[in-house]
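Each number in our numbering corresponds to the 1-based position in the sequence shown with 207 added.
For reference, the structure discussed in these notes is given below.
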Amino acid sequence: MENRKGGNFSVPSSEALTTTLRNAIQALGRGFDVTSDVRLLYCKGAPGSRLVHIEEGQNRDLELSDGFFLPNVPVDIECSPGEEGIQRIPVCTFHEDVV
């Protein structure tokens, strides 16, 4: 995993993170036996066999966040940035909610 802004990746083991991300991408479109185990290691089918077609021939660098890129990801796979920061939602007591 590389940082195109010139900084070092601040995760203790960027190789472990890259391996985990690649395993997650390989698991996309494969099934799980929810009565057994849903860890990536136990996805159904062989790596590369998917229920959903993903164009493997065209690859690009996928930006994950703040200039960090995972190289050689199929173009069909996207990553949404999500929401930044902490959401603060007011909580009411039962009696406040009922009134």
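We put the CB at the ideal spot given by N, CA and C, even for glycine.
For clarity, every value in this text was computed on a predicted model and none was experimentally measured.
{"Check": "Exposure label - F301; buried when at least 16 CB within 10 Å", "Outcome": "exposed"}
{"Check": "Strand pairing of P281, partner residues [DSSP]", "Outcome": "N266"}
{"Check": "Proximity of L277 and I261 at Cβ, strictly below 8 Å", "Outcome": "no"}
{"Check": "C-alpha gap between E288 and S272, whole angstroms", "Outcome": "For the record, residue 288 in the displayed sequence is Pro; it is not Glu. Cα to Cα, the separation comes out at about 7 Å."}
{"Check": "Per-residue burial, G282 [other beta carbons within 10 Å of its own, 16 or more giving buried]", "Outcome": "In the sequence under discussion, the amino acid at residue 282 is Val, which differs from the Gly named in the question. Under this definition V282 is an exposed residue."}
{"Check": "Pairwise C-alpha distance: E270 and T225", "Outcome": "13 Å"}
{"Check": "Distance, I296 Cα to V280 Cα", "Outcome": "36 Å"}
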